[in-house]
Structures are given as C-alpha cells and as structure tokens.
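Structure, as structure tokens:
There are 2 protein chains.
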Amino acid sequence: MALSQKVRRFVDEGGWIRRMFEAGIALKRQHGEDRVFDLSLGNPVVEPPSQFHRELLRLAEHPVKGMHRYMPNAGYPETREAVAASLRDETGIPFAAGHVVMTCGAAAALNVVLKTILDPGAEVAVFAPYFVEYGYYVDNHGGVPVVVPCGRDFQPDLEALERSINGRTRAVIINSPNNPSGAVYGEPLLKDLGELLTTKGRQHGTEIFLISDEPYRRILYDGLVYPQVFPRYDASIAVTSHAKDLALPGERIGHVAVNPGYPGAEELVDGLTFCNRILGFVNAPALMQHAIRRIQGASVDVADYQRKRDYLCGRLTAMGYSVFKPQGAFYLFPQAPGGDDVAFVDELQDHNVLVVPGRGFGAPGYFRISYCVEDRVLEGAMDGFARAARRFGL
Amino acid sequence: MALSQKVRRFVDEGGWIRRMFEAGIALKRQHGEDRVFDLSLGNPVVEPPSQFHRELLRLAEHPVKGMHRYMPNAGYPETREAVAASLRDETGIPFAAGHVVMTCGAAAALNVVLKTILDPGAEVAVFAPYFVEYGYYVDNHGGVPVVVPCGRDFQPDLEALERSINGRTRAVIINSPNNPSGAVYGEPLLKDLGELLTTKGRQHGTEIFLISDEPYRRILYDGLVYPQVFPRYDASIAVTSHAKDLALPGERIGHVAVNPGYPGAEELVDGLTFCNRILGFVNAPALMQHAIRRIQGASVDVADYQRKRDYLCGRLTAMGYSVFKPQGAFYLFPQAPGGDDVAFVDELQDHNVLVVPGRGFGAPGYFRISYCVEDRVLEGAMDGFARAARRFGL
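As you go down the protein sequences, you meet chains R and A in turn. Numbered per the working numbering, the first sequence finishes at 433, counting up by one with no gaps. Numbered per the working numbering, the second sequence finishes at 433, counting up by one with no gaps.
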C-alpha cells in the first residue's frame, strides 16, 4: 500500500470538482476544446491588473541583492506593514505589521490557523454550502468539522449554529462572499454572530475563534462595501489571498490577519509564524511578497464579473431556473431542476456543459456554475442549459 | 489560550536556531552589525546564477496569458517533464513527468510525502545529527520520529537502524549531503541500506519507504559525483528544492521524485498530488515553475563554497578543533571543546560569534557552523574561535 488508509479513502472518494475536471478532459478530447463549456473551476481567465505586471517587470529589471533569500517566517516586515496599512484604511482598526502573517495563499493560511489553534478532537463549524476543502483542512490538524445549515438566501442559520456549539467548539469558519453561493454576510448577521460566539464562549468557559475566509472580498457587486468581521468580534482572524482580486491563483500569495482587539494577538501570531514554518510553507514566496507590496489597492475589473453575473442570472431566470443573485465572488448556485443535483449535472454534461453538483459543497439539490470564464464559454453553455431545463420540465 | 497545547509547548521549547537568531539580533543591536559574526543560518548570501535572472526577465518582459493561473496540483506538465529529463540524465533511470510532483520547496515536499504515507503511530527513522524540523514534520501527520545514531564520519549506523526497525516502521529519512555534518553517503552505504530495508520489509510484511532529502545534492566538493538512491532501492522518494543550488530559498520551489522502479509509483503520485492540494500548498508557485524549467542544470558557484570550506577547516584545525571535513553542503560540525556544546556556544557568543549547538540537531557535544556567508564574516569570526579555543584549553 503506497498510501495511508485515510488518504487512500479520500483519493477513492475523489471530489466532485476533480471528477468534473476529469470528465471535462474526456469530453474535450471527444468533442474538441471549443465544443465543451467548462463552468466547473474557480480558475479566473482574467489576467492580473497592469500594476502587477509593472511591479514584476521592475523587480526583474532591477534585482536587489538578497531578494530571493529567506526572510522571517511571517514575511517581510515591509510587506506585512503594507497589508496592515491597507487593513487600517479599510477597517479603521489599528492594524500593525505584527498582526499580519504572509502565507502561501488562503489555503495555506487556513491550514496554518487550524494547526495553530486545534487540540485533538476540537470542533470547527462550517456553514453549508461550503468550500469542500474545509473538511480536509480541519481533519489535517486533528479537528472535527461540524456542518451547520444556512437559512434563506444562503445566510448562516445562527439558531442552528447555537445548537451545534458545545465545550469542544474551537472555531467557526465563514466565507463571504461565499463560494459557491455568492452570498455576502451583512453587518447585522456579523453582529449577531459575534454576540452569539461571545455568549457561548462565556457559557462554556472556552474561546471560540471566528475565522473569516475572504479571498473574494474585493469582488463585490452593486456598490456593496465589504462588511468586516473585525469590529464585530475580538477573537477574529481573516485569511485571504490574491488568487482572485489580482488573478494570481497559481502564485500562492496571501495572508492571515489577527484582530488587534484580540487580547492574545501576539501569542497567536507567534504560533501562526511557527506553524507556517513547521507545516513546510516556511514563508510566502519572496518575489510575490515584493510584487504585491505597492499595489495593495489594485484589483481585476469587477464590473466585468458583474456583467457576466447579470447575463447569467438573466438568461437562467428566463429559462425558469430558480436562482439566488450573487452579491459577490464569481459563482452562481441555482436549484437543480428535479431536485437531484447529480442527475441534473449528468444531463448538462450530455450537452457538453460542466458544472459541479451541490453535494460537492454539502448542499444536495443545487449546482454550482463558475462564471470566471470567457464570454464565449458562458454564451456557448446557454443552449445546453435551455435543453436541460426543458428536459427537466421547466 | 490562543494556541493548541502542543503548539504552545513547541513554541515554548523554541528551537536552537531560533534562539541563536534572537541572540544575534540582540548582539547586533548592542555591538553593531559589523562586529557580530553570524554563522547560525543556512541562508546563502550568494545570488542566484545569471541564467535565473535572464529567465525571470524574459517572463516579466513577455507575459504569457494564463501564466499566473492555477495549473494541475502536481505542476505544469512541461516543468515536470524538464525535471524528469534532468533526472534521466543524472540517473539513467526512465523518469517521466508522471514521477514528479512540483512543490513549495523541500519542506513542503517532505510534509506532502509524510501526509501521504503515514498511518497514525507509524514510525519514521532519522539519523542523528539531523535537520531538527524532521521531528515536527513527522509529528504533523501523526507519525513518530525514531532517532538512530550515526557512526564514524557521520555515516548512518545501519546496525542501529536494523535494531530500530519494527512492524510500525514506515519510512527512513536520509539527508546527503548532510545538514549539519556535510557528510555525503556513498554508493556502498546506499546499497547496504537498500538491502537492509528490503530484508526488513519482507520480514515484517511491510513496505518501508526511503525518503532522500537532497536540497544540497549539487553542492559537492572535490569532484564527487552524487550517489543516487534510486538504483539502490525501489521504494525510494527524493525530495529537493532550488533553495541552495539556485540560491532561491525564499521562493519555495522544489519537487518530489518517485522512483519509476517502485511498483506503486502511480498510486503514490496520485496521493502526493492530492495531499499537495489538501495540505494547502495547492501547487508550487507558478512563476517559479516557469523560471526553472529551462535552467535545470544551472547552479551557484560551488568552487566558492569549497574555498570557504577549505579556509574554515584549515584555520579551525590549526587552532586545535576536531573537525570532519565536509564533502558537500555548506556546514561544518566540529566537536565542542570541553564537550558541552551549549557552554561552548555561549562562550563563542561572548566573542560575538553565533553558531548552533549540536543538541539542536540531536547531537550534543558538537556545534554547527554555517559558512554560506561573506568572506569578511568568516574571517571576522576567526579571532573569536581562537579565543574560545584557548579558553577551553585547546
């Protein structure tokens, strides 16, 4: 046996996104790249903004001695300060470099946070639908994921959360704008969530961290301003990356930010820095830390994503699909006509359209469309959506 | 409590390298940067070879659409093939792209390998002196590190290894050229090791992996050719990075290579790719994968390291130190005069010379000198070494 028993089982179960990826390869081989409409992956086709290209060129043209060496495990002080400055601007909270740890993307950041805070058997609540990797991340570090449902418009069901919290609850992960639903959690929800965690922590004599996974925080529609967790709860930690806002998913650059209002912030950052090292990340890639320092405000063209969202919602609604209109991110999570998400996704596949069944996100009965694709792919998929809708009686 | 109990304990215990790092900061503040001779870190002061700068400039000047996007979790097929081609050249073994997984450096690679193969309580043998992080990496994934001594000239003691192997033994980690000793394990040793693991695996009905950690494999002296593990044992896995040979430690780029002769190679690579994803590495940084593709043979100037080694060995031997002459890497691991490594390291610190006590590598009674520094730092440290030697009666 080459693999551990657990990894063997995980690999066998596969994941829906991976299965769609493989189905996509087979379909493209059979029908040709242009005849398959792949809406299954969150891999933006947009290019990084011009500021990023300029920074990279500057660094390559004028290499500075030592720029590829190790730096402290938490990252370059100047980069941490640039992130802190941006957080100060956004939140009005006095972030300093010491509250920020640079990481190899948000996936790394989540693993570092969970490694740092989880004792064996600690429970971590996530709201369904949720990014399927959370379950692995929690398990990696000896924790137990606890899935809590969302209510209307994919907003967290706080009563269900309250019932699920016990003395072993160590953290709650939220993800807003949400993958896969596109929901954004508003100020009132965050306020209620913060109060609930404070009350339950007191009741159980525990500390419950609120981990806010925010890779889509700059992809917001209709003029929405991002509702921050920091003012709403002291023991809060934000993780993010530049995968989406700077369209750099392959470069693995992100950070953890610890709420300056959390009394144990210094101890926590020490632990995060240590775990960043011992998990083998060591530090976020040096060149990317240099490249993003001066372009903290830069972003891809969000208006273009909003245009795609409007097109997609409009077309699908007209076909009879039941659709929640996303407030951010670049996913749509409609109800699967007929109720069986796998059957419906199979039907779409017969029309060369690839999407991911909702059960891949802990939410059977829905399916996820990723619209960070070229217009011709979105447009090309419409015929398949229309035929599948008719087939399922819409 | 911000941290888990285990992480709290780990952070409190600190690590010797970290302690020296902090002592260094304090000393430099007190005496000035130029009056402190820091030989405690493996952070090469040499710059990457010119080929790397040319590749980076080419990529920055002519950005290709999609070059910063996600790629398959195992890396770009072209980069994996370039690494495989280099391995074919070096070993004569038919490596293909499918035997290679690109990783965020060797530390990531080791964590990915251990996550993939370790069941709870599995034992992993390491030879002392050893890179202190191995213990954390094994523990991260539920394994138990088992420390086995080296014999003469810091060569693994295979009889001691034989005694330590049991039915729970899942892997042996070797590191040649070795950090901290500079020893290189020769063909006869690797042959004997391979035979031993074959015999013991058969005896216990288990599969024992040989994990070869090779970040220093291109830093070899006196015309030595690197002795490869692949021809000596089928269930062998090499992990490495470009931290040392291309002087890119901050960029986190390396790979895992699985022996094509291992019957479970395909299954293992599937598991490694999966674990690369779920541990949060996701993929090795995209830009670095592009940058190293065409410069697989490139390396920093090894002659310069050899010159530093000769200078250091010559001077310390003349002072009466007992020194094993390194065959590779850029560390020297002399006996601590008086036998107490911590006392001797403290004495050196009084002369503004920073080194790491051997107990930080599981080998009390020695100390590690890192000579990947500028000549002026090495030369400046000599007075301190001479005074400390006299103080300890050499």
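Ideal Cβ positions, reconstructed from N, Cα and C, are used throughout, including at glycine.
Say whether chain R places a C-beta atom closer than 7 Å to the C-beta of residue i.
{"i": "residue 313/A", "result": "yes"}
{"i": "residue 335/A", "result": "no"}
{"i": "residue 175/A", "result": "yes"}
{"i": "residue 42/A", "result": "yes"}
{"i": "residue 150/A", "result": "yes"}
{"i": "residue 70/A", "result": "no"}
{"i": "residue 162/A", "result": "no"}
{"i": "residue 310/A", "result": "yes"}
{"i": "residue 38/A", "result": "With chain A covering only 40 through 433, there is no way to say anything about residue 38/A."}
{"i": "residue 96/A", "result": "yes"}
{"i": "residue 102/A", "result": "yes"}
{"i": "residue 131/A", "result": "no"}
{"i": "residue 155/A", "result": "yes"}
How many Å lie between residue i and residue j at the Cα?
{"i": "residue 221/A", "j": "residue 400/A", "result": "13 Å"}
{"i": "residue 231/A", "j": "residue 219/A", "result": "23 Å"}
{"i": "residue 2/A", "j": "residue 224/A", "result": "Nothing about residue 2/A can be reported from this structure: the residues present for chain A run from 40 to 433 only."}
{"i": "residue 390/R", "j": "residue 97/R", "result": "46 Å"}
{"i": "residue 291/A", "j": "residue 325/R", "result": "8 Å"}
{"i": "residue 427/A", "j": "residue 379/A", "result": "13 Å"}
{"i": "residue 143/A", "j": "residue 330/A", "result": "14 Å"}
{"i": "residue 421/A", "j": "residue 386/A", "result": "14 Å"}
{"i": "residue 412/A", "j": "residue 362/A", "result": "19 Å"}
{"i": "residue 408/R", "j": "residue 216/R", "result": "15 Å"}
{"i": "residue 351/A", "j": "residue 124/A", "result": "37 Å"}
{"i": "residue 404/R", "j": "residue 373/R", "result": "9 Å"}
{"i": "residue 241/A", "j": "residue 209/A", "result": "13 Å"}
{"i": "residue 370/R", "j": "residue 173/R", "result": "18 Å"}
{"i": "residue 129/A", "j": "residue 365/A", "result": "22 Å"}
{"i": "residue 108/A", "j": "residue 99/R", "result": "20 Å"}
{"i": "residue 195/R", "j": "residue 246/R", "result": "20 Å"}
{"i": "residue 91/R", "j": "residue 168/R", "result": "33 Å"}
{"i": "residue 255/R", "j": "residue 367/R", "result": "7 Å"}
{"i": "residue 50/R", "j": "residue 112/A", "result": "14 Å"}
{"i": "residue 163/A", "j": "residue 53/R", "result": "28 Å"}
{"i": "residue 261/A", "j": "residue 347/A", "result": "13 Å"}
{"i": "residue 424/R", "j": "residue 356/R", "result": "11 Å"}
{"i": "residue 87/R", "j": "residue 139/A", "result": "28 Å"}
{"i": "residue 360/A", "j": "residue 433/A", "result": "7 Å"}
{"i": "residue 133/R", "j": "residue 354/R", "result": "45 Å"}
{"i": "residue 114/A", "j": "residue 315/A", "result": "10 Å"}
Which chain C residues are close to residue i, counting only those with a beta carbon under 8 Å from its beta carbon?
{"i": "residue 237/A", "result": "Among the protein chains of the structure shown, namely R and A, there is no chain C."}
Which whole-angstrom value describes the C-beta separation of residue i and residue j, a residue pair presumed to lie in contact below a C-beta threshold of 8 Å?
{"i": "residue 141/A", "j": "residue 322/A", "result": "7 Å"}
{"i": "residue 205/R", "j": "residue 180/R", "result": "Their Cβ separation, rounded to whole angstroms, is 19 Å, which puts residue 205/R and residue 180/R out of contact at 8 Å."}
{"i": "residue 272/R", "j": "residue 311/R", "result": "Wrong, their Cβ atoms sit about 18 Å apart, outside the cutoff."}
{"i": "residue 150/R", "j": "residue 319/A", "result": "4 Å"}
{"i": "residue 60/A", "j": "residue 392/A", "result": "With a Cβ gap of about 14 Å, residue 60/A and residue 392/A do not count as contacting."}
{"i": "residue 165/A", "j": "residue 278/A", "result": "Not quite, the Cβ-Cβ distance comes to about 14 Å (not below 8 Å), so this is no contact."}
{"i": "residue 203/A", "j": "residue 187/A", "result": "5 Å"}
{"i": "residue 42/A", "j": "residue 155/R", "result": "6 Å"}
Would you say residue i lies against chain A (beta-carbon separation less than 7 Å)?
{"i": "residue 143/R", "result": "yes"}
{"i": "residue 434/R", "result": "As shown, chain R starts at 40 and ends at 433. That puts residue 434/R outside it, with no answer to give."}
{"i": "residue 66/R", "result": "no"}
{"i": "residue 158/R", "result": "yes"}
{"i": "residue 210/R", "result": "no"}
{"i": "residue 216/R", "result": "no"}
{"i": "residue 321/R", "result": "yes"}
Quiz item: Which ranges would you report for the beta strand (DSSP E) in the stretch 237-323 of chain A if only whole runs of at least 3 residues count?
Solution: 248-252, 275-280 and 293-297
Exercise. May I ask you to list, following chain order, the residues of the stretch 109-125 of chain A that have a beta carbon less than 7 Å from some beta carbon of chain R?
Key: 109 and 110
Self-check item: Contacting positions in the stretch 74-88 of chain A - beta carbon closer than 9 Å to chain R
Solution: 80, 81, 82, 83, 84, 86 and 87
Self-check item: Interface positions of the stretch 263-286 of chain A facing chain R (Cβ-Cβ less than 9 Å), listed along the chain
Solution: 274, 282, 285 and 286
Quiz item: Hey, which unbroken runs of the alpha helix (DSSP H) at 4 residues or more fall wholly within the stretch 95-150 of chain A?
Solution: 116-130
Quiz item: Which residues, taken in chain order from the stretch 43-62 of chain A, show a beta carbon closer than 8 Å to some beta carbon of chain R?
Solution: 43, 44, 45, 46, 47, 49 and 50
Exercise. Compile a chain-ordered list of the residues in the stretch 173-199 of chain R whose CB is closer than 7 Å to at least one CB of chain A.
Key: 175, 176 and 179
Exercise. Let me know the alpha helix (DSSP H) ranges lying completely inside the stretch 153-207 of chain R, each 4 residues or longer, listed in chain order.
Key: 172-179 and 197-203
Quiz item: Which residues, in chain order, does the stretch 400-417 of chain R contribute to contact with chain A at a C-beta distance below 9 Å?
Solution: none
Practice problem: At 3 residues or longer, and completely inside the stretch 334-420 of chain A: list those beta strand (DSSP E) runs for me, N to C. | Solution: 406-409
Quiz prompt | Selection of the stretch 346-375 of chain A by Cβ proximity to chain R, strictly under 9 Å | solution = none
Self-check item: Residues of the stretch 285-305 of chain A with Cβ closer than 7 Å to any Cβ of chain R, in chain order
Solution: 286, 287, 288, 289, 290, 291 and 303
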